[in-house]
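Student: Chains as they are written, first to last, in our numbering: chain A, 18 to 199; chain B, 18 to 199. Ideal placement from N, C-alpha and C gives every residue a C-beta, glycine not left out. These figures come from a predicted structure and were not determined experimentally. This is the structure I have questions about; it appears just below.
2 protein chains.
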Amino acid sequence: MSIDVGEHLRAVRLMYGLSQRELAKRAGVTNGTISLIEQNRVSPSVSSLKKVLDGVPMSLAEFFTLDLQANAQVFYRREELTDIGDRDVSLRLVAAKHPNRAMSIMHERYRPRADTGADMLTHKGEEGGVVIAGRIELTVGGQTRILGAGDAYYFASSVPHRFRNVGDEACEIVSASTPPTF
Amino acid sequence: MSIDVGEHLRAVRLMYGLSQRELAKRAGVTNGTISLIEQNRVSPSVSSLKKVLDGVPMSLAEFFTLDLQANAQVFYRREELTDIGDRDVSLRLVAAKHPNRAMSIMHERYRPRADTGADMLTHKGEEGGVVIAGRIELTVGGQTRILGAGDAYYFASSVPHRFRNVGDEACEIVSASTPPTF
DNA sequence: CTAAACTGTCGATTATCCTAAACGCCTTCT
DNA sequence: AGAAGGCGTTTAGGATAATCGACAGTTTAG
C-alpha cells in the first residue's frame, strides 16, 4: 500500500517527457537531487518534494494519489459498464469501482413508458446530459419539456425532477452528475 | 493552494485525540520531532512523515487530500448548445453560460483524422465519457486503446492524454469533466 | 571522426532534519 | 506544600539530505 516515492517520481517525470536536468531546472533544485530521490537513496523532505513537483507541475495530493489513478482502469468496453438500473431503466455506470470519483457518468436507457416516478427525485449536487436517441419527457421544478436526440439538460439536483419515456421506442441518454450519487 | 503540513498534522492528531508524546510513541519517533513539524520549524522527510502517519494510522495520500474534498436554463435544444471547437473537432457545451457550474458536459464530434495533437493535453480535474458512434483512439499516460460505440473512459485529467479519430467516419462522444474547463 | 550537448550517476562539502535530554507549565494525588 | 506525571517546547549534536562539481556514456551536428 505504501508507494515507492523514487520510482513514482521517475514515472511522473517520464510521463511528462522531462529529463532529470530539465525538471531540476524548472523546480529550482539540482539534477543530483532528483537522481538520488529516484534511486531511493534519500527520502526527500516534504518541502523539497513539493519544490520538485512544482516543476511538473503537480500537487503533493495528486502525487500521492496518482498510483490509485494509474492502476485504475481507464478504458471500459460496452459490456464492462456496471448496470445499476432495474427492468425499465438501465443505468450503466462508467468507472463504477473507481475510488474517490468526482463524478458519475452513466449511459442510460429508458424503455417505452419507463418513469422515475411521480414522487420527484431530489438530491445534492448538479446533473446534466445529452439525449442520444429516442424522446424523453423531463420535468424540473415547474417546467416540463420533451427532448429528442441531440437535445440536452443541466440543473441543480436539489430541484425536484422526473424522467419519463413518453415515446414508443427506447430512449438513450449519456448523463453526468457530481458529486457521484453511485 | 499548498497545504500547511504542520497545522494539518496537528489537526489530524487532535482529531484522533492523541498527544504529541502518544503519537510519537506509536509512530516510533520522538515527541520533539512532532513538535517541530507542527510548528513548521522543519519540513519532515517523506519517510519520517510516513512513519508519523503510520502511528495514526493514515496514508500519505489521505493526509494530502484530506480537506480536498436555479433560475438558470434547464433545457437546451440541439441547436442551442454552444460550439467551442474548431473545424475538425466540434465541442458542443451544455449550459455554457450557466454561472458556477460544477461540470462541463459536452457533445463532441471528431471528423476523420481529427486529432487533439501530439503535444498531449494535461489539466486539472477528472474527465470521462461514452462513445456514441464511430471509433476513437484514446491515449492516457502510457496506455492507448481504440474505443467504439458504447465503450467508455474515465481518468484524471492531469495524466497526459490525446484523442484521435483513426477511422473514416465521424466519431461522436458525450463527455463530462470536473471542475469545468470551459 | 570529432566536438558539442545531452543523458544519468557519484564523491565531498554544506545545509537541514531527527534525536536525546533538558526545560517550564499545568493538573493530580498524598 | 511537595512529589509525580501529564503536556508542548527548546537546544546540542549526530544523522540524513541537498548542492557542487566531476565523470562516463549516448546522441546530434558538422
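Which one or two residues does DSSP pair with residue 160 of chain B in a beta bridge?
Tutor: In DSSP, residue 160 of chain B forms a bridge with B:157.
Student: For residue 87 of chain B and residue 139 of chain A, I'd like the C-alpha separation in whole angstroms.
Tutor: Bear in mind that the predicted position of residue 87 of chain B carries a pLDDT of just 44, short of 50, making it unreliable; the figure below should be weighed with that in mind. If you take the alpha carbons of residue 87 of chain B and residue 139 of chain A, they lie about 13 Å apart.
Student: On the three-state DSSP scale, how would you describe residue 99 of chain B?
Tutor: Strand at residue 99 of chain B.
Student: Which residues in chain A have a C-beta closer than 8 Å to the C-beta of residue 93 of chain B? List them in chain order.
Tutor: Those are 168, 169, 170, 171, listed as they occur along chain A.
Student: Is residue 191 of chain A near residue 154 of chain A, with beta carbons less than 8 Å apart?
Tutor: No, the pair does not count as a contact, with Cβ atoms beyond the cut-off.
Student: How many angstroms separate the CA atom of residue 114 of chain A from the CA atom of residue 121 of chain A?
Tutor: Straight-line Cα distance between these residues: approximately 11 Å.
Student: Can you list the residues of chain B that residue 160 of chain A reaches, using a CB-CB cut of under 8 Å?
Tutor: The contacting residues are 91, 92.
Student: Report the neighbours of residue 53 of chain A on chain B: residues whose CB is nearer than 9 Å to its CB, in chain order.
Tutor: What residue 53 of chain A touches in chain B: nothing, since even the nearest Cβ is about 12 Å away.
Student: Can you look up residue 120 of chain B in the DSSP assignment and give me helix, strand or coil?
Tutor: Three-state result, residue 120 of chain B: coil.
Student: What first and last residue would you give for the alpha helix (DSSP H) that runs through residue 38 of chain A?
Tutor: Per DSSP, residue 38 of chain A belongs to the alpha helix (DSSP H) from 37–44.
Student: Taking buried to mean at least 16 other C-beta atoms within 10 Å of its own C-beta, is residue 194 of chain A buried or exposed?
Tutor: Classification of residue 194 of chain A: buried, given that the 10 Å Cβ count is 16 or more.
Student: Quick one: is residue 133 of chain A near chain B, going by C-beta distance under 8 Å?
Tutor: With 8 Å as the cut-off, residue 133 of chain A does not count as an interface residue toward chain B.
Student: Per DSSP, residue 181 of chain B is paired with what?
Tutor: B:132, B:154, per the DSSP bridge assignment.
Student: Out of B:63, B:176, B:41, which one is the CA nearest neighbour of residue 160 of chain B?
Tutor: Answer by Cα proximity: B:176.
Student: Taking the alpha helix (DSSP H) that residue 63 of chain A belongs to, which residues open and close that run?
Tutor: First-last of the alpha helix (DSSP H) with residue 63 of chain A: 63–71.
Student: Using a Cβ cut-off of 7 Å, pull out every chain B residue sitting near residue 69 of chain A, in sequence order please.
Tutor: In chain order: nothing, as chain B lies at least about 11 Å away.
Student: When you compare only the Cα positions, how much space is there between residue 37 of chain B and residue 132 of chain A?
Tutor: Spanning the two alpha carbons is a distance of roughly 57 Å.
Student: Just mark residue 33 of chain B as buried or exposed, buried being the case when its beta carbon has 16 or more other beta carbons within 10 Å.
Tutor: That one is exposed.
Student: Between residue 169 of chain A and residue 127 of chain B, how many whole angstroms is the CB-CB distance? I'm expecting something under 8 Å.
Tutor: Actually they do not touch by this definition, with Cβ atoms about 19 Å apart.
Student: Taking 8 Å as the CB-CB limit, is residue 61 of chain A close to chain B?
Tutor: Yes - at least one Cβ of chain B is within 8 Å of the one on residue 61 of chain A.
Student: Between the region 138–153 of chain B and chain A, which residues of the former have CB atoms less than 8 Å from a CB of the latter, in chain order?
Tutor: Answer in chain order: 139, 142, 143, 145, 146, 147, 149.
Student: Starting from residue 28 of chain A, follow the alpha helix (DSSP H) in both directions and report where the run begins and ends.
Tutor: Residue 28 of chain A -> alpha helix (DSSP H) spans 22–32.
Student: If you measure from the beta carbon of residue 195 of chain A to each beta carbon in chain B, is any gap under 8 Å?
Tutor: Yes, its Cβ sits closer than 8 Å to a Cβ of chain B.
Student: Where does residue 78 of chain B sit, in a helix, a strand or coil, going by DSSP?
Tutor: Correct three-state label for residue 78 of chain B: helix.
Student: Do the region 70–79 of chain B and the region 67–74 of chain A meet, that is, are 3 or more Cβ pairs less than 8 Å apart?
Tutor: The region 70–79 of chain B is not in contact with the region 67–74 of chain A.
Student: Starting from the C-beta of residue 85 of chain B, find all residues in its chain whose C-beta is less than 8 Å away, skip the five residues before and the five after it, and write them out in chain order.
Tutor: In this predicted model, residue 85 of chain B has a pLDDT of only 44, less than 50, meaning its place in the structure is not dependable; the value taken from the coordinates is given anyway. Contacts found: none.
Student: Could you check the C-alpha separation between residue 104 of chain A and residue 163 of chain A for me, to the nearest Å?
Tutor: Each residue's Cα considered, the two are about 22 Å apart.
Student: Compute the distance between the beta-carbons of residue 146 of chain B and residue 189 of chain B, then report whether it is under 8 Å.
Tutor: No, the Cβ-Cβ distance between residue 146 of chain B and residue 189 of chain B is not below 8 Å.
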